[in-house]
Each structure stands twice: as structure tokens, then as C-alpha cells.
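Chemist:
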Ligand code: ZN
Ligand code: ZN
Ligand code: FE
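Numbering (the numbering used here), first residue to last: 9 to 750.
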């Protein structure tokens, strides 16, 4: 933040101040008004296309600037302050002028924010008009992105348009001293949205073990008592295809630590006003076993809407509620009231809606503390659409991501806007949501992309969309994009060494399957310095959900394929897999690190079959107690290929816990050794790819590289998995496009 030293301003009587950043719709102008009143300053303030413009006259301008720096409203983000001295005009009073409409809209809508302490006090106070009111909000909190159809951010452009403010609400809205001054979703029980059921009815349903579909900010949740195993098991059974762990919501931090072991950093992440789900270690026996589906971790969040707070207030309160996204497997989150009746009727015993529409689907965000700081696993509510600041201005690019955990990214100036996850693009409903998100985000940002970036994979829907735009298409190799996403968020210039440890991405040759890559990345391209020694993937993609098949591939690579049919006798088709491997039929090779993890899981009998990609490695990570290194567990050949075959052979017949320690410890040591052998003493390495969501692996690599004086950069603001890919694609395309276009 750039401000002139206050000493220069001692004698200045009138100044012009330009504030740039996310300062609109966040209570910034009432804050200015109150500060000017307090300090006896006259002048005016108004919104501009890129922030707020202020003119001040009086003797306490330095104090005003001090407040601007220190006491700005919690949701405001100030990027820059420019102060210019002016001759005094002798103005009288401080006025808020109407907005400057000319010029491009360069401000952006802010993300949805959790209920603030003042609003929480309002709904808790029996004498307050908003006592128990589920849609209470103010300029410091409440819905934004999920209710906004278009900019400028005015009530008429939101799904609050249908609700006419009552006289008391209008008075608050018009009063610059009130914290609801220009709060677009301002509402009270007399004039605002209403719930379909009373809080008492919802609580009673939950108390009796029923499953409730509850309309939230960015979509419906399925809610159930998290301490009632029968109820949670019923939810799992009705949501048949979903084997993923459920997140829980608890009243506060004190309650959270009774369900999970939480470090101070994890508690801080939980209390963040964006209210993400925080993944931490579950305390044994505290919660119904079906919640975490057998994993030792649990995802916890705190209430972030008045409606959710009300479920934890008063009588008949349950200590923990399962709060899982109400979407059918592979489909986008349900947001519409009728759609909820139609799609959730078979799952939920009670469907609770309200009469304000959700305009934008937005799931809960997920973080995990890695190496002492939060790393985002799913970037959605509370974070989107806040931009990621880039090192420099870039041309406007649309990046369309890859295929799984899909996000899109749009650049504007020196900012990159990454969307919430759209889902896996196989599903038709998801394809519609994909188009919708591109249209919505480009219009909100008022950007016309000049080029479009996509993956190399021809079968993905996203490159097809890229071709249809008619814009220049820049194809970016998958792991190049993974590393570039880390370079973009940490503002690293190339060349930069990158280690991509991932599930699957099409190789630079457009044919092979990559996923364990050592790359040297710069502005225009990358060099592949090495890769994991390939393993066959019998049955192709299907192997991602059958770790035992990757274990069979390890047997084959070890020259022990005749043992496969017997070793994996309890799996159907083990003999077929053996034949596939021996004849090299439908067994394409892959250098994927994700598949290497699967092989280890298969060899150790940890989740021989998985219901989603990455499930088995999550269980393997959960078994680690103390990583152990097998000194001769790896080899590096002259072509730079790192083979872990000696390690894999040692895992055959090994105890799963010992095997998990051995696999993690040895893999970490091998990756560090390999990187050093293949490069001449790099100063830093960027780490990315889905496997980096494994905390043991990520923290082990950080420490391992540090021991050799090498600094590491981890994905923090965007996910390590394919959810962060669009940022990397946009960054690469922006560099290439600048270079090509001049
Ligand atoms: Zn509030
Ligand atoms: Zn009202
Ligand atoms: Fe990937």
C-alpha cells in the first residue's frame, strides 16, 4: 500500500485521495463519512470505476489517512492509495456523492461473507427487530456474489430486487452513519425473504434423526445430526454413489476442538471470515463413524449465515451437524427450489427453502494447513470472485481449465479471476454450468478476452469450447500449467524448476500419459528434465479406481507377472489383467505419481478398489506415523527417469502401516535426490499437482529441499489439483500472447 509519509501533509489543507481496490459494497463510504465527521473534515467521496475518490479539507488529514490505513472495514481490500495536495476551497460538511459511471467497470463484486459479530448480536437479542431473523446482514457481511446478476452492484441487479424495503430498513439504507448504509441485501422480518419452515421445526427434524435439505448461500446442503450414526448411515445410503467424507458444522471454535485435534493455525483458518471447511485430524469416537467414511481426518466449518447460526442457538441444539453439498454424484449443486423438490425428494425427509433466488452456484471452500499455513483445496464461497494478484499486467485471457474439478480463469490487468469449481465436465448439467459461468464472469468483469487457453487433451469438452469461441487458441500442456499456477500466485519469474506430482495429463507429445514430471518452466515453454519411470495402466483410465491393477502393473514391471492372477485372486478379472500386461494390450504406460501411489496402496492391500480417484492414497497417508527411508529404494537412469521399483518390491507382503511410512519417506527422499541430480543446485522449486494435497508428502518435500538449501513454493491460493489449472493456463497464455503479439 503506497501512502506518502504523513509529515509531508502537515500543512496541507485540502487533498485529493484516490483509493484503488475492492472498496465498493463493503461499507467503505459510511466508514469514510464517519471518519470525516469525527475528525471535523469537510469535502466529499464517491465511487469510481476502480475504487473510491475522496476530497478532504481541514486540519486532521494525516489522522484521516492513518484511519484509512488501519481501520478500514473488514471486507475492504485496499490495493493502493494516491494522495495529491490541492488549494483549499473552503467547503462545508462532508458529502457522499453519487457514483462516477463513466469508464470501464474495473471494480468487482466481493465474495459472500460470513455473518459479522454485530449482525449475530442483532439476531441473538430478543429486543432487536431482527431477533431470530435468518436473512440479517449489513455492509460488513452477507451475500454478494451468489445473489448478483450483473454490475453495478445495486439491489435491482440482485435477487433482492423483488423485496421492497420497509420504512425502517430504508432509513438504515439511507443513513451514512448506519452500518446498513447502502447494504444492498438489507432486510428485516417485515420486508425480507422468509423461510419455508420455522427454526424450531428444522431443529425438531434434525433431533429426530431426519435428513434435511437446507437452502444455503450458494446451494442446498444435506444436513443431519453428525453424532447419530444411524442417521448419517442413512444419508450415505440414500446418496448412494457418494463415498466421500462429509463435512460437519459446529457452533464455535470451542466445540470444534472437542471433535478434532486442531493446531493454532488450523483454528485461525476455521475462524477466517471466509469460513472455509478446514481439514484436520478427527478425535477418535467424537463423531459418527460414517461421517468421515473411514478416514482419520475430518472437515469442520463454523456457521456463516444467520440461518445456520440459528440452528446452534436456543433450545434443542445438536453439537455437530453434517453439512454436505446437495448434489447428485457428478452433477452441479442444486440451487433452485423446484429442482430441490425434484432431485432431493428421495434423499431428504424435509426440504427447507426460502423465497430469495440463488443466482450463482457456489460450494463451500476447503482448506488444509500445510507447513504451517492454509492451502486451498477447493476455492469457492468466500474466496470467489476475489482476484489473485499477478506480477504484472497481462492481456485479457480466458482459460478454460481441463476436465475434472473444473474451474475457469479470466485475467484483467494485473489480476486473475478464478471461478468456483464447476464440476467434472462429463455431465451435461455441468456443461451448461460451464457456459453459464464463463458468460457470468466475463460480464461481471466487463472483459473481452483476446485469446483462450486450454489443455492439450482433444477429448475434453473445454478445448472444444475454446475452439468455438473463434479466438486465438493457446494450448498449454497440463503439468506446465500446474507449475505455472504456482508461479502465477507466488509471482515467480521464469525459468523456474517445477515438480508436478499428479494424476493424469496428456504429455507434451500429445500422446503419452504424464503425471510425475520434473520441468523447467519459463515464459514461453518448458523443458522436461525427467519423469517417473512409467508403469503400465491396465484397462486405461479404469485403473485410477482400481489400485490393485496398478499393483499388478508393478508386479509386471518387476518381471513377476506370473504371480498376478494368484496375488490378486480375490479381485475379479485378475487373470485378464495379467494377460493384458503380458501382451501389452490396453495397458498404456503412464509416468503418473498418482498411479504410483495407487500401486503402493494395491501392494499393501489399502483400498484395493476405490470409489473415486485419490481415495486409496488418502487412506495410505492416514496410516503414516513416521516416514522411513529405504536407502536403496530408487534408481535414476541416464535419461533422468526416476524408478521406485525397489521400493514397490519391498512393499509386497509388508504390514500396511510400516509400508505407508516406507513409501512416503522413500518417495520424498527419492524426489529430492532426483531433482538435485537432474539440475544444478536450483535456488527454488515450485510444487504442484493433485498429490501435493497429501500433507505428509508436501511437508516432507518442503523439509527435504530445505535441508539442501532449496526453497519450495506450494499452491496456496488455488488448489494443487486440477482446480488450479486454469490460473496456470492463463498465465502461460498471457506470456505467450504478449510475446507473439508484441
Ligand atoms: Zn453484518
Ligand atoms: Zn424491513
Ligand atoms: Fe492435473
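Glycine residues also receive a C-beta, built at the ideal position from the N, C-alpha and C atoms.
Let me know the secondary structure DSSP gives residue 485 once reduced to three states.
Modeler: Three-state DSSP puts residue 485 in coil, outside helix and strand.
Chemist: For the pair the stretch 671-683 and the stretch 627-636, tell me if three or more CB-CB distances fall below 8 Å.
Modeler: Result yes; three or more Cβ-Cβ pairs closer than 8 Å.
Chemist: Of the choices 368, 363, 375 and 236, whose alpha-carbon is the least far from that of residue 328?
Modeler: Closest option to residue 328, Cα to Cα, is 236.
Chemist: Run through DSSP, which three-state label would residue 400 get?
Modeler: Residue 400: strand per DSSP, three-state reduction.
Chemist: For ligand 3, is there any heavy atom lying closer than 8 Å to the beta carbon of residue 410?
Modeler: Yes, since a heavy atom of ligand 3 falls inside the 8 Å radius drawn around the Cβ of residue 410.
Chemist: Does DSSP put residue 382 in a helix, a strand or coil?
Modeler: Here residue 382 sits in strand by DSSP.
Chemist: Return the CA-CA distance between residue 264 and residue 95, expressed in angstroms with no decimal places.
Modeler: Straight-line Cα distance between these residues: approximately 57 Å.
Chemist: Alpha carbon to alpha carbon, how far is residue 141 from residue 312? Give it in angstroms, no decimals.
Modeler: Between residue 312 and residue 141, the C-alpha separation is close to 14 Å.
Chemist: Answer yes or no: the CB of residue 605 versus the heavy atoms of ligand 3, is any distance below 8 Å?
Modeler: Checking every heavy atom of ligand 3 against the Cβ of residue 605, none is found closer than 8 Å.
Chemist: Let me know if residue 639 comes out buried or exposed under the rule of 16 or more other beta-carbons within 10 Å of its beta-carbon.
Modeler: Label assigned to residue 639: exposed.
Chemist: Beta-carbon separation of residue 35 and residue 120 under 9 Å?
Modeler: No, the Cβ-Cβ distance between residue 35 and residue 120 is not below 9 Å.
Chemist: May I ask you to check if the CB of residue 280 is nearer than 8 Å to at least one heavy atom of ligand 2?
Modeler: Answer for residue 280: no, Cβ out of range of ligand 2.
Chemist: Looking only at its chain, what residues have a beta carbon closer than 7 Å to the beta carbon of residue 65, apart from the 5 residues adjacent to it on each side?
Modeler: The residues are 21, 22, 49, 50, 51, 96, 97 and 99.
Chemist: Can you give the Cα-Cα distance for residue 506 and residue 537, rounded to whole angstroms?
Modeler: Going by the C-alpha atoms only, they are around 10 Å apart.
Chemist: Does DSSP put residue 112 in a helix, in a strand, or in coil?
Modeler: In this prediction, residue 112 scores a pLDDT of 47, lower than 50, which makes its location untrustworthy; no coordinate-derived value is stated.
Chemist: Measuring from the CB of residue 148, is there a heavy atom of ligand 1 at a distance below 8 Å?
Modeler: Flag set: Cβ of residue 148 near ligand 1.
Chemist: Starting from residue 23, follow its DSSP beta bridges and name the residues at the other end.
Modeler: 64 and 93.
Chemist: Hey, residue 355 and residue 221: beta-carbon distance below 9 Å or not?
Modeler: Yes. Within cutoff.
Chemist: Could you tell me if residue 567 is buried or exposed, where buried requires 16 or more neighbouring beta carbons within 10 angstroms of its beta carbon?
Modeler: Exposed: under 16 other Cβ atoms inside 10 Å.
Chemist: Please indicate yes or no: does the CB of residue 126 lie closer than 8 Å to some heavy atom of ligand 1?
Modeler: Yes.
Chemist: When a residue counts only if its C-beta is closer than 7 Å to some heavy atom of ligand 2, which residues count, in chain order?
Modeler: Qualifying residues come out as 173, 174, 176, 177, 195, 196, 198, 199 and 200.
Chemist: In the DSSP assignment, find the beta strand (DSSP E) that holds residue 757 and state where it starts and stops.
Modeler: Lying outside 9 to 750, the shown extent of the chain, residue 757 is not represented and no answer is given.
Chemist: Grouping DSSP H, G and I as helix and E and B as strand, with all else coil, what is residue 683?
Modeler: Here residue 683 sits in helix by DSSP.
Chemist: May I ask you to check if the CB of residue 123 is nearer than 8 Å to at least one heavy atom of ligand 1?
Modeler: Yes, Cβ of residue 123 sits closer than 8 Å to a heavy atom of ligand 1.
Chemist: Quick one: measure Cβ to Cβ for residue 90 and residue 44, integer angstroms, because I've assumed they're closer than 8 Å.
Modeler: Wrong, their Cβ atoms sit about 18 Å apart, outside the cutoff.
Chemist: Would the beta-carbon of residue 144 be found less than 8 Å away from any heavy atom of ligand 1?
Modeler: Yes, since a heavy atom of ligand 1 falls inside the 8 Å radius drawn around the Cβ of residue 144.
Chemist: With DSSP collapsed to three states, give me the class of residue 275.
Modeler: Note: residue 275 maps to helix in three-state DSSP.
Chemist: Is it right to say residue 67 is buried, meaning 16 or more other beta carbons lie within 10 angstroms of its own, or is it exposed?
Modeler: Looking at its Cβ environment, which holds fewer than 16 other Cβ atoms inside 10 Å, residue 67 is exposed.
Chemist: Using 8 Å as the Cβ pair cut-off and three pairs as the minimum, do the stretch 561-580 and the stretch 484-503 touch?
Modeler: Segments in contact, no.
Chemist: Could you give the first and the last residue of the continuous alpha helix (DSSP H) run that contains residue 633?
Modeler: Neither: residue 633 is in no alpha helix (DSSP H) and is coded neither H nor E.
Chemist: Looking at the secondary structure, which residues open and close the beta strand (DSSP E) in which residue 465 lies?
Modeler: Neither: residue 465 is in no beta strand (DSSP E) and is coded neither H nor E.
Chemist: Using the C-alpha atoms, what's the distance from residue 715 back to residue 151?
Modeler: Distance between the alpha carbons of residue 151 and residue 715: 46 Å.
Chemist: Name the residue from 399, 324, 731 and 154 whose alpha carbon lies nearest to the alpha carbon of residue 213.
Modeler: Nearest of 399, 324, 731 and 154 to residue 213, Cα basis: 324.
Chemist: Could you check if residue 187 belongs to the surroundings of ligand 1, using beta carbon to heavy atom distance under 8 Å?
Modeler: Answer for residue 187: yes, Cβ within range of ligand 1.
Chemist: Residues bridged to residue 152 by DSSP?
Modeler: In DSSP, residue 152 forms no bridge with anything.
Chemist: For residue 453, name the three-state secondary structure that DSSP assigns.
Modeler: Correct three-state label for residue 453: helix.
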